[in-house]
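Below is one structure, written out as structure tokens; comments come after it.
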Amino acid sequence: MQRVAPNNGLADALFKGLCRFFALSVIVLMIAIFIVLVKEAYPSIRAFGWGFLTGSTWDPVAPEFGALPAIYGTLISSLIALAIALPVSLGIAVFITEMSPSWLKAPIGAAIELLAAIPSIIYGMWGLFVFAPLFAEHVQPFFIERLGFIPLFAGAPLGIGMFPAGFILAIMIIPFISSVMRDLFQMVPPILKESGYGVGATKWEVIWKVVVPYAGSGIFGAVILGLGRALGETMAVTFIIGNSFRISASLFDPGTSISAKLANEFTEAVEDIYLSSLVELGLILFVITFMALATAKLMTRRMAIKAGRS
Amino acid sequence: MNSPYLRRKIINLLALGASFLSAAFGILFLVWILKDVASFGFGALDVAFFTQLPSPPGETGGGLGNAIAGTALITIIATAIGVPAGILAGTYLSEYGRGSKTAEVVRFLSEILVSAPSIVIGIFVYAIAVKPFNGFSALAGAIALAIIMLPVVIRTAEEMLKLVPDATREAALALGAPHWKVTVFVVYRGALRGIITGVMLAVARVAGETAPLLFTSFHNAFWSFKLNEPTATLTVSIFNYAMAPYEDWHAKAWGAAFLITALVLIVTVSARLIVGRRKGALTS
Numbered sequence: 001m002q003r004v005a006p007n008n009g010l011a012d013a014l015f016k017g018l019c020r021f022f023a024l025s026v027i028v029l030m031i032a033i034f035i036v037l038v039k040e041a042y043p044s045i046r047a048f049g050w051g052f053l054t055g056s057t058w059d060p061v062a063p064e065f066g067a068l069p070a071i072y073g074t075l076i077s078s079l080i081a082l083a084i085a086l087p088v089s090l091g092i093a094v095f096i097t098e099m100s101p102s103w104l105k106a107p108i109g110a111a112i113e114l115l116a117a118i119p120s121i122i123y124g125m126w127g128l129f130v131f132a133p134l135f136a137e138h139v140q141p142f143f144i145e146r147l148g149f150i151p152l153f154a155g156a157p158l159g160i161g162m163f164p165a166g167f168i169l170a171i172m173i174i175p176f177i178s179s180v181m182r183d184l185f186q187m188v189p190p191i192l193k194e195s196g197y198g199v200g201a202t203k204w205e206v207i208w209k210v211v212v213p214y215a216g217s218g219i220f221g222a223v224i225l226g227l228g229r230a231l232g233e234t235m236a237v238t239f240i241i242g243n244s245f246r247i248s249a250s251l252f253d254p255g256t257s258i259s260a261k262l263a264n265e266f267t268e269a270v271e272d273i274y275l276s277s278l279v280e281l282g283l284i285l286f287v288i289t290f291m292a293l294a295t296a297k298l299m300t301r302r303m304a305i306k307a308g309r310s
Numbered sequence: 311m312n313s314p315y316l317r318r319k320i321i322n323l324l325a326l327g328a329s330f331l332s333a334a335f336g337i338l339f340l341v342w343i344l345k346d347v348a349s350f351g352f353g354a355l356d357v358a359f360f361t362q363l364p365s366p367p368g369e370t371g372g373g374l375g376n377a378i379a380g381t382a383l384i385t386i387i388a389t390a391i392g393v394p395a396g397i398l399a400g401t402y403l404s405e406y407g408r409g410s411k412t413a414e415v416v417r418f419l420s421e422i423l424v425s426a427p428s429i430v431i432g433i434f435v436y437a438i439a440v441k442p443f444n445g446f447s448a449l450a451g452a453i454a455l456a457i458i459m460l461p462v463v464i465r466t467a468e469e470m471l472k473l474v475p476d477a478t479r480e481a482a483l484a485l486g487a488p489h490w491k492v493t494v495f496v497v498y499r500g501a502l503r504g505i506i507t508g509v510m511l512a513v514a515r516v517a518g519e520t521a522p523l524l525f526t527s528f529h530n531a532f533w534s535f536k537l538n539e540p541t542a543t544l545t546v547s548i549f550n551y552a553m554a555p556y557e558d559w560h561a562k563a564w565g566a567a568f569l570i571t572a573l574v575l576i577v578t579v580s581a582r583l584i585v586g587r588r589k590g591a592l593t594s
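Rendered as structure tokens:
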């Protein structure tokens with residue numbers, strides 16, 4: 001017995017140390033990603049300074065690089081995605097928690113979540129070969145003819161561009177937003193809803209005036225989480241955003257995004273400054289998504305704490 | 311019936327109708343995409359698709375045998391790195407770090423890392439594992455996928471380990487078993503099914519990744535089983551083939567898309583079924 005105990009003490013310490021090592025590796029990894037990106041982007045940061053963020057020339061020959069059209073494309077395509085995904089996700093969450101018969105809840109929830117399992121490159125390929133031609137033939141001409149005088153809808157019916165990219169992104173982020181919303185709605189105490197029904201409110205009034213306000217900051221968190229996903233999405237956007245380095249008012253015009261720029265050009269970049277500029281694009285994307293996701297996590301956490309207290 | 315009441319009823323109906331349509335919208339696209347992938351992709355699959363090398367640009371025939379092998383190779387290595395690391399880190403969060411500040415930070419960062427842009431992970435691995443060695447490699451691709459896998463495994467491992475009741479741990483400790491033995495032989499066994507599910511979901515997630523492989527494992531037109539060489543994968547092949555102007559390559563891309571989607575969905579759905587049964591067993 002006397003010999004066994006110290007051995008176990010050592011084994012215990014080793015096992016705990018091993019677990020601790022890998023847990024800490026997440027922190028190290030996060031810091032390392034940031035440091036490595038800054039280091040690799042440094043030549044570009046030094047050469048272009050803040051002008052990198054506001055410049056709109058991308059000329060590997062000159063060489064002169066400015067990221068504005070890519071940042072613009074990333075933000076606009078993600079905002080289009082949010083504008084579509086937010087109401088649809090809300091509707092899905094309402095349908096699953098408040099309307100659907102109980103035997104249908106699980107299958108519908110599972111089907112929506114399967115959308116998140118489809119690899120992003122499949123969305124891209126499907127978007128390019130199936131969605132874009134249909135969109136160009138049946139949807140775009142209508143808008144261009146009737147609403148073409150508004151700059152938003154001007155342009156040629158190409159099928160690819162900022163709006164189609166945002167639309168495909170919306171389908172991709174719907175499962176993330178709707179599943180968080182669903183969980184939030186289920187946390188609302190039944191007695192609150194029953195009080196609503198008790199004073200004669202309709203189902204929608206209970207949802208809109210009781211359930212949604214109760215879920216409050218959690219919904220905001222869910223939306224930002226979806227935004228974070230959309231900002232960093234690469235393959236789907238690369239296929240259908242059109243890969244044109246410019247800023248255009250029209251939703252139908254091709255554009256580009258940070259991730260599409262990286263996917264298309266990273267392996268072609270031979271000059272150090274070209275590569276460094278691309279890494280700086282990646283750094284910008286990393287910082288934007290980090291801030292968005294951190295905000296989302298803090299929001300949903302606050303909601304979880306609130307639910308835990310009540 | 312007075313009109314404000316009628317108005318409220320109509321608004322209610324419209325809103326509920328819109329909710330129903332939202333659910334239908336989501337399911338419509340799921341079915342539509344899967345139907346297209348199946349119908350375009352299934353026809354492209356023949357024996358040559360699984361066994362032969364790609365044909366030169368513009369020529370028909372050939373297959374993506376090397377890309378299938380490459381995807382398998384890179385995914386297996388990534389799993390071998392990411393899963394043990396993730397389970398041990400998850401063990402720390404659940405068994406040792408309850409309530410500690412470190413655990414809180416790790417949990418927070420891994421939740422962010424789960425949704426971090428995978429293309430940025432690709433750049434990071436390019437900088438640490440491709441550039442210093444002057445070459446794309448299967449190993450670099452596997453490292454990138456392992457990093458993406460890590461937070462997914464950590465989160466599910468922690469959740470599943472926490473489902474094991476503390477009384478079980480206390481019972482084993484009371485028998486005089488050392489802490490690590492309690493964890494490995496009692497807690498792991500209790501959470502085994504959940505952990506396997508988590509691993510399956512993580513494998514499904516990375517098997518379909520493209521962006522982090524573009525600058526790490528890159529592409530290869532030939533067979534390659536060496537870890538220090540560029541290696542073809544199904545997903546990068548889809549990207550290259552779908553963007554190329556050849557009809558036959560598009561067909562091959564659909565075939566690869568069908569294969570990878572079928573794999574990912576089968577693994578995901580069976581993981582869900584395992585967990586569903588487990589949850590049922592717990593609540594009943």
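Heads up: the sequence lines are chains A and B, in that order. Counting along the first sequence from 1, when you hit position 199 you're at 199 in the numbering used here, and nothing is skipped either side. Take any residue in the second sequence, count from 1 to its spot, add 310: that is its number in the numbering used here. For each residue, glycine too, the CB sits at the ideal point set by N, CA and C. Small disclaimer: the values here were computed from a predicted structure and weren't measured.
Quick test of the definition: if touching needs 3 or more C-beta pairs under 8 Å, does the segment 58-77 of chain A touch the segment 254-262 of chain A? yes
Compare the C-beta of Ser365 of chain B with all C-beta atoms of chain A and state if any pair is closer than 8 Å. no
Mind listing which residues of the segment 147-179 of chain A have their C-beta closer than 7 Å to chain B's C-betas, in chain order? Ile171, Ile174
Starting from Asn322 of chain B, trace the alpha helix (DSSP H) in both directions and tell me its first and last residue. 313-352
Comparing the C-beta of Asp346 of chain B with each C-beta of chain A, is any distance below 8 Å? yes
Starting from the C-beta of Phe286 of chain A, find all residues in its chain whose C-beta is less than 8 Å away, skip the five residues before and the five after it, and write them out in chain order. Ile33, Phe34, Leu37
Against chain A, does Asn322 of chain B count as a neighbour if the rule is that its beta carbon must be under 8 Å from one of theirs? yes
Excluding the 5 residues flanking Ile397 of chain B on each side, which residues of the same chain have their C-beta closer than 7 Å to its C-beta? Val463, Ala467, Ile505
Evaluate contact between the segment 507-516 of chain B and the segment 477-494 of chain B, counting only Cβ atoms and requiring at least three cross-stretch pairs below 8 Å. no
From B:Gly451, B:Tyr402, B:Glu414, residue whose alpha carbon lies closest to that of Arg315 of chain A: Absent from the structure is residue 315 of chain A, since the part of chain A shown begins at 1 and ends at 310.
Considering only residues of the same chain and omitting the five flanking positions on each side of Ala41 of chain A, which have a CB-CB separation below 7 Å? Ser276, Val279, Glu280, Leu283
Short check: CB of Thr545 of chain B to CB of Leu455 of chain B, under 8 Å? no
Flag Glu40 of chain A as yes when its Cβ comes closer than 7 Å to any non-hydrogen atom of the ligand MN, and as no otherwise. Of the ligands one can find in the structure shown there are none, so the ligand MN has no counterpart to examine.
What residues are listed by DSSP as bridge partners for Glu480 of chain B? Paired residues: none, contrary to the question.
Using DSSP bridges, identify the partner residues of Phe320 of chain A. Because chain A is modelled from 1 through 310, residue 320 of chain A falls outside the range shown and cannot be assessed.
Residue-level contact to chain A via CB, Ser332 of chain B, 8 Å cutoff: yes
Contact with chain B by Ala11 of chain A, beta-carbon distance below 8 Å: yes
Taking only beta-carbon positions, decide if Phe266 of chain A is within less than 8 Å of chain B. yes
Just mark Lys411 of chain B as buried or exposed, buried being the case when its beta carbon has 16 or more other beta carbons within 10 Å. exposed
According to DSSP, Pro364 of chain B sits in a beta bridge with which residue or residues? B:Gly372
Provide the residue(s) that pair with Gly242 of chain A in DSSP beta bridges, ordered along the chain. A:Gly255
Kindly indicate which residue of A:Ile224, A:Met291, A:Glu98 has the alpha-carbon position closest to the one of Lys193 of chain A. A:Glu98
Kindly indicate if chain A contains any beta-carbon less than 8 Å away from that of Ile506 of chain B. no
Length of the line joining the Cα atoms of Ser420 of chain B and Pro461 of chain B: 5 Å
Are the C-beta atoms of Phe245 of chain A and some chain B residue less than 8 Å apart? no
Cutting at 8 Å between CB atoms, please list the residues of its own chain near Phe359 of chain B, excluding the five before and the five after it. Gly373, Leu374, Gly375, Lys562, Gly565
Tell me the rounded alpha-carbon separation between His138 of chain A and Ala501 of chain B. 52 Å
Interface flag, Ser329 of chain B vs chain A, CB-CB below 8 Å: yes
If the criterion is Cβ atoms closer than 8 Å, does the pair Ile247 of chain A and Ala292 of chain A meet it? no
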